[in-house]
Amino acid sequence: MQRAIALVDCNNFYVSCERLFQPRLEGKPVVVLSNNDGCVVSRSQEVKDLGIKMALPWYQMKDVAKRHGIIAYSSNYALYADLSNRVMSLLSQFSPQQEVYSIDECFLELTGMESLGKLSDHAQRIRQTIKQGVGIPVCVGIASSKTLAKLANHVAKKQAHYNSVCNFNEMTEVERDVLFANIEVGEVWGVGRRSSVRLHEMGIHSVLDMQRVSPKRIRDEFSVVLERTVAELNGEACLELEDIVPDKQQIICSRSFGSLVSNLPEMEQAVVSYATRAAEKLRSQHSLASGIQVYIRTNPHKEKDPQYQQSILMPLAEPSDDTRHLCHAALQGLRQIYRSGYAYQKAGVMLTDIIPASARPRTLFDDVATQMRSHALMSAMDAINRRMGSGTLKLLAAGVSQNWAMRSGNRSPRYTTEWGEIARCNAI
DNA sequence: TCTGGGGTCCTAGGACCC
DNA sequence: TCTGGGGTCCTAGGACCC
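Going by the working numbering, the first sequence opens with residue 800, and the numbers climb by one from there.
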């Protein structure tokens, strides 16, 4: 039986989320910026049409934004995450097997569902359901492997006559060849900028070229990863749907500062804040970490300023999920690598050697009473912060004024997750 | 003034062991 | 004269993704 995998991808997801609550943005050029209002991470079609590239720094496009009346929003992850959950939940009705691949896209297994009629018609019903139920526009690509499904989605998005749905399985080989010959190889999932350049040098320019290249040659010149991509392009499904989300093997929390930091006390506040957040993520997947890595750096874009970056891995005496232990280790690490005389732009922490909490190693000398008190305290903190808002209860070491905190100049209200910011309907 | 954050997988190379 | 070969584990770094 022909394998049928769908990739459902939200259009301009963050921008679509903003428009949902502010319909006046419809038809206008809109962008959403990364943390710190750094660069563009989501663009409306109007902005794409202006030729503005993804990840362009905001300060570099302020002039063009002014000329064209581009409206910029700071990112509002609480809103996007909530709407994403609604989309994914609705999509789960359409297949027994769903892999949520990112905040705005998921794979659905549709193999064998041809009995429902043409799969492209089915995909149109999926689109209508999401549009009606959440209000977010999506495109659907269908094919016999994940890499091809991604490509089909790309076609559905770019070529208007497909009406937002493209099913390679419903096309003849000749039709596909014509299509593939006209798509740049760099559009393929797994072919990044570096590989793209090298492939071009080898004379492989289009998706069709890539499909027909000898897998062995790709393996020798690149890696097994890209060799799999070639197989996937030929309809051989090498990548399975991963419907069970595995625990994270590393948990990172890092952020650029709103303004440069040149003193240890503020760096300490930032590192404690990040370690606190990382510990929350760790507990939410019921895991323990045995190490915490701390990382600091100056601004590499300021070439004239003295540059410094350093990281250090701090092993913990025993695996833990206690914010206090993790922060303590992180601070010790920070003090070892911190050098005065630099203007720091960013710090981060990474939890490593993560194990399930149920696999905590036991010893004869375990202080079970302390472990239980720690667990009770962390559970209470998490419950309060969930209910009253993140950061309601925190370590004093995280600082109160937080002068280094990120900029977020134009964030929309958290319409769906904060009582105080909920959307209002005014009767006239 | 101003350039994101969070992940995964693979590979190469060194240390170490027998 | 002549100094192996294979395996594992760890780490750093690269490439890619959204």
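Yeah, the Cβ is synthetic: ideal placement off N, Cα and C, and Gly gets one too.
Residue i versus residue j: straight-line alpha-carbon distance, rounded
| i | j | result |
| --- | --- | --- |
| Met1117 | His1174 | According to the sequence provided, residue 1117 is Glu. The question's Met does not apply to it. Those two C-alpha atoms are separated by around 15 Å. |
| Arg924 | Pro1045 | 30 Å |
| Asn1225 | Arg1054 | 38 Å |
| Lys852 | Ser1119 | 43 Å |
| Arg1016 | Val977 | 24 Å |
| Val933 | Asn884 | 10 Å |
| Pro1099 | Ala1036 | 41 Å |
| Gln1201 | Gln1108 | 22 Å |
| Asn1209 | Ala1146 | 24 Å |
| Ile870 | Pro1160 | 53 Å |
| Tyr1141 | Glu1067 | 15 Å |
| Val939 | Glu986 | 17 Å |
| Asn968 | Glu845 | 31 Å |
| Phe979 | Ala1156 | 48 Å |
| Gln1106 | Ser815 | 39 Å |
| Ser1308 | Gly1057 | The question about residue 1308 has no answer, for the chain in this structure spans 800 to 1227. |
| Val899 | Leu1192 | 31 Å |
| Ala955 | Asn962 | 7 Å |
| Glu1041 | Pro828 | 36 Å |
| Ala1197 | Lys957 | 46 Å |
| Leu1081 | Ser1061 | 30 Å |
| Glu882 | Trp1218 | With the sequence shown as reference, residue 882 is identified as Leu, and Glu is not the correct amino acid for it. Roughly 16 Å between the two C-alpha positions. |
| Leu1087 | Met1177 | 13 Å |
| Ile1095 | His1085 | 28 Å |
| Leu918 | Val1012 | 30 Å |
| His999 | Phe1021 | 13 Å |
| Ala1077 | Met970 | 47 Å |
| Asp1165 | Ser1211 | 48 Å |
| Leu855 | Thr1162 | 53 Å |
| His867 | Ser874 | 21 Å |
| Leu1059 | Val1070 | 14 Å |
| Ser1207 | Ala1158 | 40 Å |
Counted within 10 angstroms of its Cβ, other Cβ atoms place residue i as buried (16 or more) or exposed
| i | result |
| --- | --- |
| Leu915 | exposed |
| Asp862 | exposed |
| Ala880 | exposed |
| Gly1190 | exposed |
| Tyr876 | exposed |
| Ile1183 | exposed |
| Glu972 | exposed |
| Met800 | exposed |
| Pro822 | exposed |
| Lys1103 | exposed |
| Ala1222 | exposed |
| Ile1043 | exposed |
| Ser1139 | exposed |
| Met1180 | buried |
| Arg1121 | As written in the sequence, residue 1121 is Asp, which differs from the Arg given in the question. Asp1121 should be labelled buried. |
| Ser994 | buried |
| Glu974 | exposed |
Reference residue i; option with closest CA among the options
| i | options | result |
| --- | --- | --- |
| Thr1075 | Ala1128, Leu1112, Val814 | Ala1128 |
| Asp903 | Gln896, Leu855, Ser888, Met912 | Ser888 |
| Tyr1143 | Leu1133, Gly1219, Val1024, Gln859 | Leu1133 |
| Leu1115 | Glu1102, Leu1130, Ser919 | Leu1130 |
| Gly1002 | Val984, Asp1019, Gly989 | Val984 |
| Ala1030 | Asp1008, Ile1043, Glu1041, Ile1051 | Asp1008 |
| Asn835 | Gly1219, Trp1203, Ile941 | Trp1203 |
| Gln1092 | Lys1101, Tyr1073, Ser1086 | Tyr1073 |
| Val964 | Gly991, Pro936, Thr946 | Pro936 |
| Val1023 | Leu1081, Ala1197, Val990 | Val990 |
| Val1006 | Ala864, Glu1220, Thr1028 | Thr1028 |
| Phe820 | Met1205, Arg866, Tyr872, Leu806 | Tyr872 |
| Lys930 | Val886, Ala959, Glu1039 | Val886 |
| Arg1186 | Arg866, Glu1039, Thr1216, Met1205 | Thr1216 |
| Asn981 | Arg993, Leu950, Arg997 | Leu950 |
| Gln1170 | Arg1123, Tyr1137, Tyr1214 | Arg1123 |
Integer-rounded CB distance, given that residue j should sit under 8 Å from residue i
| i | j | result |
| --- | --- | --- |
| Trp857 | Val839 | 7 Å |
| Val894 | Leu878 | Residue identity differs from the one stated: residue 894 is Ser in this sequence, not Val. About 26 Å; that fails the 8 Å criterion. |
| Ser943 | Ile804 | 7 Å |
| Cys905 | Gln892 | 12 Å between Cβ atoms; not a contact. |
| Cys1052 | Val1148 | 6 Å |
| Leu1032 | Leu947 | 7 Å |
| Leu1228 | Thr1151 | Since the first and last residues shown for the chain are 800 and 1227, residue 1228 lies out of range. |
| Asn952 | Asp808 | 5 Å |
| Lys1047 | Ile1154 | That pair is no contact at about 12 Å. |
| Ser841 | Asn810 | About 10 Å separates the two Cβ atoms, so there is no contact after all. |
Ignoring anything shorter than 3 residues or poking outside the stretch 1138–1176, list the beta strand (DSSP E) runs there in chain order. 1143–1155
Can you give, in chain order, each stretch of the alpha helix (DSSP H) that sits fully within the stretch 852–884 and has at least 4 residues? 861–867
Within the stretch 1175–1218, note down every full beta strand (DSSP E) run reaching 3 residues or more, in order along the chain. none
Enumerated in chain order, which unbroken segments of the beta strand (DSSP E) with a length of 3 residues or greater are wholly contained in the stretch 918–1004? 937–942, 964–966
Where are the beta strand (DSSP E) runs, 3 residues long or more, that stay fully inside the stretch 1004–1086, in chain order? 1050–1060
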